[in-house]
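*Asks:* Handing you this structure, nothing more for now.
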Amino acid sequence: MEHPKEDFVVLETGNCLMAYFEARKISKFFGGLAAVNGVSFKVEQGQIYGLIGPNGSGKTTIFNLINAYFPLTKGEILFEDQKISGLKTHQICQRGIGRTFQIVKPLKRMSVLDNVIASAFLRVRRKQDAVAVAEEAIEFCGLTAYKDKLAKSLPIAMRKRLEITRSLATKPKLLLLDETAAGLNPSEVEQAIEIIKKIRDSGITIVIVEHIMRVIMSISDKILAINHGMVIA
Amino acid sequence: MKRVYVPLALLIVLILFPLVVTDAYYQHLMILVLLWVAIGSGWNLISGYTGQVLFGAAAFFGVGAYTAALLLSKLDVSAWWGLPLGGLVAVLIAFPFGWICFRLRGPYFALATLALNEIFRHIATIWESLTEGMVGILVMQTFISKIPYYYIALALAAGSVIMIDVVTRSRLGYYFVSIREDQDAAESMGINTVYYKMISLCLSACVIGLAGALYTNYMGFIDPKVVFSLHDISIMAILVGIVGGVSTVYGPAMGAFIMVAIQEVFRSGGFGLLVKLGKATGWPVMATVTKYVSEAHVLSFGLLVIFVILYLPNGVVGDWSTLRKTLLFWKRETA
Ligand SMILES: Nc1ncnc2c1ncn2[C@@H]1O[C@H](COP(=O)(O)OP(=O)(O)OP(=O)(O)O)[C@@H](O)[C@H]1O
Ligand SMILES: [Mg+2]
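As you go down the protein sequences, you meet chains A and B in turn. For the first sequence, the working numbering assigns the number 8 to the initial residue and increments by one for each residue that follows. For the second sequence, the working numbering assigns the number 2 to the initial residue and increments by one for each residue that follows.
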């Protein structure tokens with residue numbers, strides 16, 4: 008993606024190497040409640056970065072901050088040497104950060120294919136190109152059998168997979184996965200792990216939130232533990 | 002194949018219609034149907050496809066109508082220039098309106114369009130030096146025959162249906178439906194929802210404004226009560242949209258046909274049947290019934306909405322397969 012010149016913010020890198028993605032002391036207060044409180048972390052390109060923490064510890068809120076679903080109360084977020092906090096949600100996606108929702112948001116009255124075509128249109132203009140991108144993403148995530156089904160008719164495992172497929176079709180460089188294995192049976196969890204590994208192998212950096220320790224331990228290169236919106240390990 | 006042939010056959014029938022049916026009354030009804038196809042299509046784009054319910058279609062219709070009328074009465078420019086300009090002025094109003102309203106989600110847009118409708122009706126009523134207020138504006142009709150109007154209306158109707166068909170199969174259409182289904186998901190897919198809602202609204206306003214300008218040229222007379230009417234334009238537009246089938250390309254066409262027919266049945270008291278019945282039976286009560294029936298169309302519209310929502314939630318076109326099954330079933334039962 009090309010960016011206009013004035014979007015660049017030259018950063019004081021000092022001696023240390025710039026991280027690919029960096030959250031600097033980000034905070035989010037809902038009224039008096041500090042859902043996220045001064046969290047900092049760096050993600051290197053090509054990593055799978057795990058975020059863990061008990062219920063309500065602020066994991067989803069961190070994603071919502073990165074993706075500008077909520078404005079930051081404090082702090083800043085950098086991606087590829089540029090400040091991205093302050094941009095709008097759709098601009099963040101255009102910059103190359105995709106996300107999935109923990110509470111899935113399928114476009115219910117559209118077929119699986121149409122769901123993915125709609126997001127594929129971010130990078131291509133022509134319909135046939137969008138269809139090609141969408142079909143590739145659907146194949147990649149193993150949703151081909153459900154291609155023509157309405158999104159609302161999918162079982163939960165496939166809805167979770169549709170979330171991933173749809174964000175992959177926007178050709179992200181960094182993908183935020185929010186509990187994509189929650190509510191799945193063991194064999195579905197195995198498949199989800201395979202898909203996530205395949206995504207990493209295709210060169211996409213991943214930040215993943217997961218409750219199932221087995222999942223996060225087996226795939227993460229680095230893990231950050233948070234509680235009450237603060238880093239604990 | 003069917004995708005092309007059925008509409009093409011229908012178009013040919015419509016082209017031949019005024020040559021076969023020379024009765025001016027039926028030609029008039031068909032012109033109304035065609036106008037409503039355009040308005041219904043405009044409504045369908047923003048409300049059916051994009052999910053932003055337009056409660057005040059009359060705002061854009063009336064603005065288009067007044068643009069045409071004022072061009073003639075104030076600037077002495079042919080009211081026909083009102084066609085492109087009516088569409089344009091409607092867009093010029095839709096643009097800032099959408100820019101303000103689409104930042105908010107939920108029912109605000111629907112309510113705001115209702116307010117917009119009423120604001121314009123009041124302006125047209127009060128600003129007498131410009132609009133002649135309640136007196137209305139008279140525009141000499143260009144043609145005595147209905148046929149030229151018929152073909153212009155047909156072009157507008159066909160144009161708006163084709164526009165919907167092209168738009169909804171393109172990137173825009175995918176974006177509109179995504180926004181309707183889930184705005185958060187759409188944003189996360191990189192869709193600038195405010196921007197695309199505006200595009201959808203502007204396209205809708207343009208078509209509806211064009212229809213308004215054509216209405217002025219065809220009817221030769223407008224006043225605020227008629228062109229900014231809440232029930233005869235705004236609610237009617239919603240009905241045309243939902244009776245035919247929300248977010249279907251041909252829904253508004255079907256809806257326009259049904260709704261104009263129903264409206265006419267009420268307006269004319271069952272095509273004069275009630276009057277005849279009254280005369281034949283000599284019952285004075287029939288005169289009262291006739292009067293009430295012609296005044297009851299607003300109520301009947303309400304009942305129709307309830308019926309459609311209960312039994313045909315996707316409209317006549319959307320639920321066509323269900324409807325056909327039911328009808329076939331009835332036939333089998335009676336046979
Ligand atoms: N929109 C909101 N308004 C007010 N409070 C919120 C909002 N969203 C989240 N919170 C609060 O912020 C805290 C963190 O929530 P968050 O959803 O980020 O937790 P989580 O770590 O994702 O939990 P889980 O494991 O259950 O998904 C919770 O106390 C939650 O109630
Ligand atoms: Mg969460």
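Where is the CB? At the ideal position from N, CA and C, for every residue including glycine.
#1: Bridge partners for A/Y56 per DSSP, in chain order?
#2: Is the Cβ of A/L114 closer than 8 Å to any Cβ of chain B?
#3: Can you find a C-beta in chain A that's less than 8 Å from the C-beta of B/D185?
#4: Of all residues in the structure, which have a C-beta closer than 5 Å to any heavy atom of ligand 1, taken in chain order?
#5: How many angstroms separate the CA atom of B/I40 from the CA atom of A/A26?
#6: Do B/S171 and A/K49 have their C-beta atoms within less than 8 Å of each other?
#7: Quick check on A/K180 - is its C-beta less than 8 Å from some C-beta in chain B?
#8: Between the segment 91-102 of chain A and the segment 21-37 of chain B, do three or more beta carbon pairs fall short of 8 Å?
#9: If you draw a straight line from the C-alpha of B/V309 to the C-alpha of B/V244, how long is it?
#10: Residues of chain D with CB under 7 Å from A/C100, in chain order?
#11: Quick one: list the residues of chain B neighbouring A/M117, beta-carbon separation under 8 Å, in chain order.
#12: Check the Cβ-Cβ distances between A/F128 and every residue of chain B, and say whether any is below 8 Å.
#13: Mind listing the chain B neighbours of A/I124? Cutoff is C-beta to C-beta under 8 Å, in chain order.
#14: Listing by chain order, which chain B residues have their CB less than 8 Å from the CB of A/D121?
#15: Considering A/N44, what are the terminal residues of the beta strand (DSSP E) in which it resides?
#16: Of all Cβ atoms in chain B, is any one closer than 8 Å to the Cβ of A/R173?
#17: Cβ of B/R106 less than 8 Å from any chain A Cβ?
#18: In the DSSP output, what is A/A30 paired with across the bridge?
#19: Determine the DSSP secondary structure at B/Q142, reduced to helix, strand or coil.
#20: Give a single yes or no on whether A/E186 has its beta carbon closer than 7 Å to a heavy atom of ligand 2.
#21: When you check each C-beta in the segment 152-172 of chain B against every C-beta of chain A, which residues fall closer than 8 Å?
#22: Should A/V216 be counted as a contact of ligand 2 given a C-beta to heavy atom distance under 7 Å?
#23: Tell me whether A/N122 sits in a helix, a strand or coil according to DSSP, three-state version.
#24: Helix, strand or coil for B/V5 per DSSP?
#25: What do you reckon, are the CB atoms on A/I230 and A/G57 nearer than 8 Å?
#26: Please report whether the beta-carbon of A/Y27 lies at a distance below 8 Å from any beta-carbon of chain B.
#27: My assumption, with CB atoms under 8 Å, is that A/V123 sits in contact with A/T80. Please give the rounded CB distance.
#28: If I follow the unbroken alpha helix (DSSP H) through A/I171, where does it start and stop?
#29: Is there at least one non-hydrogen atom of ligand 3 closer than 7 Å to the beta-carbon of A/Q52?
#30: Starting from the C-beta of A/A75, find all residues in its chain whose C-beta is less than 7 Å away, skip the five residues before and the five after it, and write them out in chain order.
#31: Could you name the residues of the same chain whose beta carbon sits closer than 6 Å to that of B/I259, not counting the 5 residues immediately before and after it, in chain order?
#32: Compute the Euclidean distance between the alpha carbons of B/N315 and B/Y216, then round it to the nearest angstrom.
#33: Is any non-hydrogen atom of ligand 2 found closer than 7 Å to the C-beta of A/Q109, if you look at the structure I gave you?
#34: Do the segment 180-196 of chain A and the segment 100-109 of chain A touch if we need at least three Cβ pairs shorter than 8 Å?
#35: By Cβ distance, which residues of its chain are closer than 8 Å to A/A42, with the 5 residues on each side in sequence left out?
*Replies:* Working from what's here:
#1: A/V214, A/K229
#2: yes
#3: yes
#4: A/F37, A/A42, A/N62, A/G63, A/S64, A/G65, A/K66, A/T67, A/T68
#5: Between B/I40 and A/A26, the C-alpha separation is close to 55 Å.
#6: It is not a contact, given that the beta carbons lie outside the stated cut-off.
#7: no
#8: no
#9: 6 Å
#10: The structure shown contains no chain D; its protein chains are A and B.
#11: V178, S179, E182
#12: yes
#13: Y175
#14: Y175, V178
#15: A/N44 -> beta strand (DSSP E) spans 40-50.
#16: yes
#17: no
#18: A/F48, A/I84
#19: coil
#20: yes
#21: R170, S171, R172
#22: yes
#23: Assignment of A/N122 by DSSP, reduced to helix, strand and coil, places it in the helix class.
#24: Residue state, collapsed to three classes: helix.
#25: Yes, these two residues count as a Cβ contact at 8 Å.
#26: no
#27: About 34 Å separates the two Cβ atoms, so there is no contact after all.
#28: Its alpha helix (DSSP H) spans residues 163-175.
#29: Here the bound small molecules are ligand 1 and ligand 2; ligand 3 is not part of this structure.
#30: Excluding sequence neighbours, A/A75 sits near L94, K95, T96, I99.
#31: V244
#32: 29 Å
#33: At least one heavy atom of ligand 2 sits closer than 7 Å to the Cβ of A/Q109.
#34: Touching, yes.
#35: Taken in chain order, the residues that qualify are K35, F36, G65, T68, G236.
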